[in-house]
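Chains as they are written, first to last, in my numbering: chain A, 1 to 410; chain B, 411 to 820.
For every residue, glycine included, the Cβ atom is placed at its ideal position computed from N, Cα and C.
Please read all numbers here as calculations on a predicted model, not as lab measurements.
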């Protein structure tokens, strides 16, 4: 089970002696606690009767206006009426799946894709079809072929789930021409796009990639979050959706949680209104860039031949592919013994692929710990390669169906 | 549509000249804002890195311990491991429905039942079967018959959804012997009980009814909330479930929202730890009791013969049944014209029943406004009765299938 895999990893990662390159928790140590503390007490003093009461199912009207401002750097020009506030972007994905998916319906997703989204899709018995990526993200030709194959199989593609910017877990970003091609293909085939963009403002060159939603308000539902640009503890995300979808989102959210927490919403709203939140985002970018640099430098220095990895220009993750014949999941217990943790690639596939790969997070540890973690990881991989060199032929002979000696006779 | 009915009512109710007996918002004006304000700023100062970060899917461990203390007055002796924190009790109901219900499965619910729960059940295509109540709540014999009828129809009853204490909308409470009978019937038939208890601590005589869950930890999932005993704006509720169900709840919650808001949970936790929260609950009881008294007195004084209503000993609601022949939903526009609002009874039934009834809330308005609201309502009912006395025979003659003159010939 993917979720329990992830849970045991989190348990392991919490031990102080282990360098965890597994978690995806943002590093919020740079947040101005004095600012946040005084805005919450002022919120209670000045608007306590609103902050402590039920609110609307769609979310606080002022926050929805501010969310339109927050989306503006991505090129999106939206109306607050089309925004639904959710309990993190996860609830937006959940509601969209609930609205669109009947058991057996197809969701297209990148290979690999965000692990918790895959869990949500599976919980509604969606049929997840992966679409190949390269270092420029989702490959448009593969998307076209996937849509055709699903149609040929007599099934219905309900939507494409995609993270075009600073992909989790792949660490790659789609250039504009690819985004245009994806949009064009989805328009032609009338496939909705669910564009998940938690990291869009966290590009290390300071530029914000233009969202697919910026070029089509009808074909795209855009999903955003304050978890990486401010703080996850309030659980405030949103979906920007065409009118008909938005109405269904609000109804589904009311059935699911009645309304999002007023206190969280007003706290985020006051933070956006009273604080230079974009300067904080710039600080976050610098901090994550330093960590990304540390990880790439360590990988360049320490990884054995045959391993390769992505070079993220934003976000939290590097996707590492091991030398041929090494299984990242099978190796994990030995890695943990050597005091380093990661998430095996299989977690990010619905179909068992990804066994040679892993996700490495550089968002949380210090640069020094990142280097140490990569050093430990490189040791484990090299031991694995030695084992394979020594016992490889024997192992190969153990494959079922081959005429090999029983283990106790070898 | 029930949800849009409710929404238009909320829109109307927000006009200041209308006395709204429609809403179910708790009256939180008595909350100590200075206490709440300073606890939130202290929370950020002392535990900001936890309060602003992701937390566990099951909820904060200390809060789950405190929840066990909060349940103790209901006779429940629980372990924190069996508690799952949710985004209000609504999310608990949503997750339970997601876990247990396949389209067409039966949920038994009181007649009438909580409107938003019915919406949630419907959204999973549950088949809702109502079970008759009287002034002592759900009638055990009717429950036994309903279970048998569902079985005879070859369908599967997944659970009984019940609010035994200070029922929304019926305003009645089950005595202990009825609860025992309900539990016995559900045990025999192996039907799970989902016991929803948002008002259990808000009894006007100061006694807390013993929860059904107190007498069986396996057959019952207990659902609770801080929305009525503290503040709804944090959206903190919970489910107490047998181990196997709890595991599924946590997985389903992670797929739905990743984790409940840390900030909300720690704020509620600090409130419980640092403040005499039970004294606040006692203040709430007194305030609601005064309002309940105002409503019952006004109803006794002003309602015409033929109307009857429940006499709640706790909670927020009176269930009013109109004189025969008057339709509460048809009357609503005239009531709003006369500046009083209520929720028509049909909203609380999945099957179109309840047209002669309405839910009156006394939780929010002042006693004076409640009296004025009931006065306006009585006027509208009397006008309706006069109309009926004048045109009743004619109206009756208009029923389809009778040989009546066409309207323009009368």
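Please classify residue i as buried or exposed, where buried requires at least 16 other C-beta atoms within 10 Å of its C-beta.
i: residue 800/B; result: exposed
i: residue 420/A; result: Given that chain A is displayed from residue 1 to residue 410, the structure contains no residue 420/A and the question cannot be resolved.
i: residue 688/B; result: exposed
i: residue 522/B; result: buried
i: residue 665/B; result: buried
i: residue 11/A; result: exposed
i: residue 164/A; result: buried
i: residue 578/B; result: buried
i: residue 243/A; result: exposed
i: residue 29/A; result: exposed
i: residue 316/A; result: buried
i: residue 60/A; result: buried
i: residue 607/B; result: buried
i: residue 366/A; result: exposed
i: residue 17/A; result: exposed
i: residue 714/B; result: exposed
i: residue 425/B; result: exposed
i: residue 546/B; result: exposed
i: residue 411/A; result: Outside the displayed range of chain A (1 to 410) lies residue 411/A, so it cannot be described from this structure.
i: residue 209/A; result: buried
i: residue 628/B; result: exposed
i: residue 110/A; result: buried
i: residue 229/A; result: buried
Output, in chain order, the set of chain A residues within a Cβ distance shorter than 9 Å of residue i.
i: residue 662/B; result: 123
Counting only Cβ pairs nearer than 7 Å, list the residues of chain B close to residue i.
i: residue 264/A; result: 671, 673 and 674
i: residue 249/A; result: Simply none; closest approach about 12 Å.
i: residue 44/A; result: 443, 446, 447 and 450
i: residue 258/A; result: 498, 500 and 526
Nearest by alpha-carbon distance to residue i: which of the options is it?
i: residue 630/B; options: 594/B, 609/B, 608/B and 661/B; result: 594/B
i: residue 568/B; options: 441/B, 597/B, 580/B and 585/B; result: 597/B
i: residue 476/B; options: 582/B, 434/B and 495/B; result: 495/B
i: residue 33/A; options: 446/B, 434/B, 432/B and 458/B; result: 458/B
i: residue 587/B; options: 549/B, 604/B, 517/B and 578/B; result: 549/B
i: residue 211/A; options: 372/A, 376/A, 78/A and 338/A; result: 78/A
i: residue 123/A; options: 662/B, 462/B and 583/B; result: 662/B
i: residue 56/A; options: 473/B, 445/B, 739/B and 433/B; result: 433/B
i: residue 735/B; options: 722/B, 796/B and 694/B; result: 796/B
i: residue 271/A; options: 217/A, 15/A and 38/A; result: 38/A
i: residue 213/A; options: 226/A, 204/A, 227/A and 192/A; result: 192/A
i: residue 773/B; options: 752/B, 468/B and 764/B; result: 752/B
i: residue 531/B; options: 503/B, 706/B and 768/B; result: 503/B
i: residue 758/B; options: 558/B, 541/B and 685/B; result: 541/B
i: residue 543/B; options: 551/B, 639/B and 707/B; result: 551/B
i: residue 189/A; options: 143/A, 173/A and 204/A; result: 143/A
Residues of chain A with CB closer than 7 Å to the CB of residue i, please, in chain order.
i: residue 644/B; result: 261 and 263
Do residue j and residue i come within 9 Å of each other at the CB atom, strictly closer than that value?
i: residue 571/B; j: residue 604/B; result: yes
i: residue 500/B; j: residue 610/B; result: no
i: residue 692/B; j: residue 616/B; result: yes
i: residue 677/B; j: residue 446/B; result: yes
i: residue 378/A; j: residue 356/A; result: no
i: residue 498/B; j: residue 51/A; result: no
i: residue 659/B; j: residue 517/B; result: no
i: residue 156/A; j: residue 373/A; result: no
i: residue 202/A; j: residue 288/A; result: yes
i: residue 729/B; j: residue 762/B; result: no
i: residue 104/A; j: residue 125/A; result: yes
i: residue 296/A; j: residue 285/A; result: no
i: residue 231/A; j: residue 675/B; result: no
What in chain A is Cβ-close to residue i, meaning under 8 Å?
i: residue 464/B; result: 25, 227, 232 and 233
i: residue 439/B; result: 49
Please list, in chain order, the chain B residues whose beta carbon lies closer than 9 Å to that of residue i.
i: residue 119/A; result: 661, 664 and 665
Using a beta-carbon distance cut-off of less than 8 Å, what residues from the segment 690 to 723 of chain B approach chain A? Listed by position along the chain: nothing, the set is empty.
Which residues of the segment 79 to 96 of chain A have a Cβ closer than 8 Å to any Cβ of chain B? Give them in chain order. 87, 88, 90, 91 and 94
Could you run through the segment 185 to 218 of chain A and flag, in chain order, every residue whose CB is less than 9 Å away from some CB of chain B? none
Between the segment 366 to 386 of chain A and chain B, which residues of the former have a C-beta closer than 9 Å to a C-beta of the latter? none
Taking beta-carbon pairs under 7 Å, can you tell me which members of the segment 154 to 165 of chain A lie near chain B? Cβ contacts with chain B come from no residue of the segment 154 to 165 of chain A.
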